[in-house]
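Here the structure comes first, spelled out in structure tokens, and everything after it is commentary.
In the numbering used here, the protein residues as written are 2 to 106.
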């Protein structure tokens, strides 16, 4: 596993931590509002077969169904951009964060 990118993004007064890890065939994307990542939801997406088709996403949730829409949007865009399967580990500790984060996306 190689860490491809690590970045902190400031949205309003929230800091979002992102880490992208390259696997043999695909990527793992970690997104959290905490320095130490947790497991809130796990979402898998594969890239489109060609430029005309939309990405398909299969979602696997742990610890409830929170942030399902946001995690699907992020992982579908990531898989389309990277053109390889992406697993997203998405954890937001704050309950109201999803509404603030979905606007810039």
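Glycine included, each C-beta is placed from N, C-alpha and C at the ideal position. Note that this is a predicted model, so its numbers are computed, not measured.
- Message: Using the three-state DSSP reduction, which class does residue 18 fall into: helix, strand or coil?
- Response: strand
- Helix, strand or coil for residue 87, going by three-state DSSP, please let me know. strand
- Can you pull the DSSP bridge partners for residue 9? 18
- Query: When you compare only the Cα positions, how much space is there between residue 91 and residue 12?
  - Reply: 16 Å
- Message: Strictly by DSSP, which residues pair up with residue 1?
- Response: The shown model of the chain, from 2 to 106, leaves out residue 1, and the question about it has no answer.
- For residue 6, count neighbouring C-beta atoms within 10 Å of its own C-beta (all shown protein chains included) and say buried if the count is 16 or more, exposed if not. exposed
- Could you check what DSSP says for residue 28 in three-state terms: helix, strand or coil? strand
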